[in-house]
């Protein structure tokens, strides 16, 4: 109970101090003995820097009697047309330069004779028959040597003494070449062997 009374007393003291301080800080209205501008009177406006200048509106007639100096600048006749006709020379000649005739073109060259096309050599029947076979490889079995040839997706095993295409007899087989003999001719033809390449017979 004593604590509550003490708290109320402290709050009351603070409130009184605040009232006194606000009273002294409150602005008060001041009065003057005489107003500068009374109600209903017009205030005089003063403009700075507007000093009265002497009136210089007199007509100076002596300036008219002076002799004006001649104009030394460039003059242009604005009424002159922008474009003018060409001046005609006496005798009806024009002022344009005369056109110089060009020399005649040289005569065309004579056509060159067409070179005859080289005759395309047609393969011989032997070359056509051998080109149908493709060398795939060979097999050695003792003294016997067999080569593998393919034709139209068929594989042929060829050894010495066999016939190719029914008319070419195999007379010799080495690692580098195949020797055949044409029936009824008697001559032998040596064909080089290249793996996965068609047989290329020379022109007989």
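Numbering (the working numbering), first residue to last: 965 to 1168.
Ideal Cβ positions, reconstructed from N, Cα and C, are used throughout, including at glycine.
Secondary structure of residue i, DSSP reduced to three states
{"i": "residue 969", "result": "helix"}
{"i": "residue 1136", "result": "strand"}
{"i": "residue 1144", "result": "strand"}
{"i": "residue 1089", "result": "helix"}
{"i": "residue 985", "result": "helix"}
{"i": "residue 1155", "result": "strand"}
{"i": "residue 1027", "result": "helix"}
{"i": "residue 1128", "result": "strand"}
Integer-rounded CB distance, given that residue j should sit under 8 angstroms from residue i
{"i": "residue 1097", "j": "residue 1157", "result": "So it is not a contact: roughly 11 angstroms between Cβ atoms."}
{"i": "residue 1135", "j": "residue 1145", "result": "5 angstroms"}
{"i": "residue 1125", "j": "residue 1112", "result": "Residue 1125 to residue 1112, Cβ: 17 angstroms. No contact."}
Classification of residue i by the beta-carbon crowding that lies within 10 angstroms, buried from 16 upward
{"i": "residue 990", "result": "exposed"}
{"i": "residue 909", "result": "As shown, the chain starts at 965 and ends at 1168. That puts residue 909 outside it, with no answer to give."}
{"i": "residue 1099", "result": "buried"}
{"i": "residue 1122", "result": "buried"}
{"i": "residue 973", "result": "exposed"}
{"i": "residue 1107", "result": "exposed"}
{"i": "residue 982", "result": "exposed"}
{"i": "residue 971", "result": "exposed"}
{"i": "residue 1165", "result": "buried"}
Of the residues the options, the one placed nearest residue i, counting alpha carbons only
{"i": "residue 1115", "options": "1072, 1095, 1070", "result": "1095"}
{"i": "residue 1154", "options": "1147, 976, 1148, 1141", "result": "1141"}
{"i": "residue 1089", "options": "977, 975, 1129, 971", "result": "1129"}
{"i": "residue 1092", "options": "967, 1167, 1076", "result": "1167"}
{"i": "residue 1159", "options": "1103, 1028, 1152", "result": "1103"}
{"i": "residue 1127", "options": "988, 1147, 1064", "result": "1147"}
Segments assigned beta strand (DSSP E), at least 3 residues, entirely inside the region 1091-1126: 1098-1105, 1108-1115, 1118-1122
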